[in-house]
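Residue numbers (the numbering used here), protein chains in the order written: chain A, 5 to 187; chain B, 5 to 187.
Shown next, in structure tokens, is the structure this report addresses.
Pasting the structure below:
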């Protein structure tokens, strides 16, 4: 990856693991790849039933303002979050959506990638809890924003050993999907 | 609690659950008490082995900048994080430290409250994983920043039922400790 600043917004609904995914990515970049990263979210009217949003900034330089104004990467896991946040995506940015939950409208001047992340996880593993890890894998396959191994290292510090295999599989399923969609 | 803006910094080392505690508090305030809240952290040099810091802003008004410049409440769970962040505490603010991990230096013009949160959890429950929940309980006992019940409601949405009893006990132990220290 070039020396650049990545501005990501992860969005979806409560319980999809959007915030956890954002924290894992920020840790992977900072702790295991020597970057600076911030991760933030606002809770308010939106948190009381609406779309959840979590921001991650990754940079080689110090980051002073931790909130993303105009993301160059947006992940949307629900139609509501897609409708709400797609308009703020930087023109030419990347928009990753889940095909079960989002029907993109193509009004946005972004690269749309819509993939069956949820369905793939449910078919291969049967546990919705790793949907967010599959999503991270897909994002990494598409963008190479961090190495998959850095995500694994973060997970190893936070998840019981019994659950690692399931997480590895979800990450790998996503990575392959993203990598193929890139080509 | 009056109409005011609370600016909190939770600090400690990786694995003490400082970030999780910050997220739980922000959700409790926003989802169950109708406030606005943001939660953020930076990962960088500090995350690669140093003090962890997580910021929470709680306000009745909209919050535009999610990072805390000068906290009025600082929680420090390690000596290193105490030394690093105590100087930025607002004069007259509240500094909550854990007595096992921190020996306060009283150089800061703040109200110091040093309590055996870790030791109490280990003695009564024996599980370090709920140290952070005991710390939240203590903070609430001291400040009434949210209702304990709002923390329970957040936990109920994220923690398996089997673990709720342990978390309730840890929160309650902390709440009583904080409430007594306030009087």
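Don't be surprised by glycine CBs; every beta carbon is placed ideally from N, CA and C.
| query | result |
| --- | --- |
| Going by DSSP in three states, residue 140 of chain B sits in which element: helix, strand or coil? | helix |
| Pull the bridge partners of residue 11 of chain A from the DSSP assignment, please. | A:61 |
| For the ligand NAD, I want to know if residue 162 of chain B counts as a neighbour, meaning its beta carbon is within less than 6 Å of at least one of the ligand's heavy atoms. | Among the components of this structure there are no ligands whatsoever, and the ligand NAD is therefore not found. |
| Using only alpha-carbon positions, find the residue among B:84, B:97, B:122 and B:90 that is nearest to residue 147 of chain B. | B:97 |
| Which parts of the region 146-174 of chain A are runs of the alpha helix (DSSP H), unbroken and 4 residues or longer, counting only runs that do not cross its ends? | 152-162 |
| When burial is assigned at 16 or more other CB atoms within 10 Å of the CB, is residue 169 of chain A buried or exposed? | exposed |
| Examine chain B for any beta-carbon lying closer than 7 Å to the beta-carbon of residue 136 of chain A, and answer yes or no. | no |
| Based on the DSSP output, what are the partners of residue 41 of chain B in its beta bridges? | A:47 and B:62 |
| Taking the C-alpha atoms as reference points, what is the distance between residue 82 of chain B and residue 55 of chain B? | 8 Å |
| Report buried or exposed for residue 59 of chain B, applying the criterion of at least 16 other Cβ atoms within 10 angstroms of its Cβ. | buried |
| Could you say which of A:127, A:110 and A:143 lies nearest to residue 175 of chain A if we only look at CA atoms? | A:143 |
| Could you check whether the Cβ of residue 10 of chain A sits closer than 7 Å to any Cβ belonging to chain B? | no |
| When you compare each of B:71, B:64, B:67 and B:66 to residue 67 of chain A by their alpha carbons, which one comes out closest? | B:71 |
| Report buried or exposed for residue 155 of chain A, applying the criterion of at least 16 other Cβ atoms within 10 angstroms of its Cβ. | buried |
| Which residues in chain A have a C-beta closer than 7 Å to the C-beta of residue 67 of chain B? List them in chain order. | 46 |
| Residue ranges of each alpha helix (DSSP H) run of no fewer than 4 residues wholly in the region 71-128 of chain B, ordered along the chain? | 83-89 and 121-128 |
| Given that residue 71 of chain B touches chain A, what residues does it touch there, using C-beta distances under 9 Å? | 42, 44, 68, 69, 70 and 71 |
| Give me the Cα-Cα distance between residue 112 of chain A and residue 90 of chain A, rounded to the nearest whole angstrom. | 7 Å |
| Using a Cβ-Cβ cut-off of 7 Å, state whether residue 90 of chain B counts as contacting chain A. | no |
| Taking only beta-carbon positions, decide if residue 30 of chain A is within less than 7 Å of chain B. | yes |
| Within a Cβ cutoff of 6 Å, which residues of the same chain sit near residue 21 of chain A, ignoring the five residues on either side of it in sequence? | 136 |
| Report yes or no: do the region 30-44 of chain B and the region 27-44 of chain A share at least 3 C-beta pairs separated by less than 8 Å? | yes |
| Taking Cβ-Cβ distances shorter than 8 Å, what residues in chain A pair up with residue 23 of chain B? | 27 |
| Residue 209 of chain B by DSSP, collapsed to three states: which one? | There is no way to answer for residue 209 of chain B, as the model of chain B reaches only from 5 to 187. |
| Let me know the secondary structure DSSP gives residue 178 of chain B once reduced to three states. | helix |
| Decide if residue 31 of chain B is buried, meaning its Cβ has at least 16 other Cβ atoms within 10 Å, or exposed. | buried |
| Run through the DSSP bridge pairs and tell me what residue 16 of chain A is partnered with. | A:56 |
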